[in-house]
Amino acid sequence: MTRLVELTKGDALVEVELDPVDRLDLIKYAGASGDFNPIHTIDEEATNAGLPGIIAHGMWTMGNVTKLFTPYYGEGFMEYYQIRFSGMVFLHDVLTLKAEVNESTKKYVDFQVRAVNQKEKDVIKGKVRFSIY
């Protein structure tokens, strides 16, 4: 595995493809986070709110993006994490997590991060600064 300090602008981390989103994922997340908004777990409530179906919690999706950096926690830590939500995540969506180096120094590596669905539509875009020990 390549160390982060060896990466240069334009290099990418290995993409992470998540299992399809299922209802149990969202129920578990609701319990863990305390976000029991029914548009995330109950079909009728989602459709009553004008949605085509239940949607994943934005913070569930955001939290999953950090899986890109799990292999590197021996080298440093995520110092900064900024995200913009750009699309909804529905049941059975398959998300792919992506990170590309924007800037690299001996002290940190800045990444552009994205989560895209199976249609290659961005659902999250953002920035991560990974500081090196």
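According to the numbering used here, the stretch in the sequence shown is residues 73 to 205, in order. Just so it is clear, CB atoms sit at the ideal spot from N, CA and C, and this is done for glycine as well.
Between V181 and L79, the beta carbon gap of about 6 Å places them in contact (Cβ cut-off 8 Å).
Taking every protein chain shown into account, the CB of F202 has 16 or more other CB atoms within 10 angstroms, so this residue is buried.
Pairing R75 with Y144, the inter-Cα distance amounts to about 8 Å. Three or more beta-carbon pairs separated by less than 8 Å are not found between the stretch 188-200 and the stretch 104-116, which leaves the two stretches without contact.
If you draw a 10 Å sphere on the C-beta of T113, you find 16 or more other C-beta atoms in it, and that means buried.
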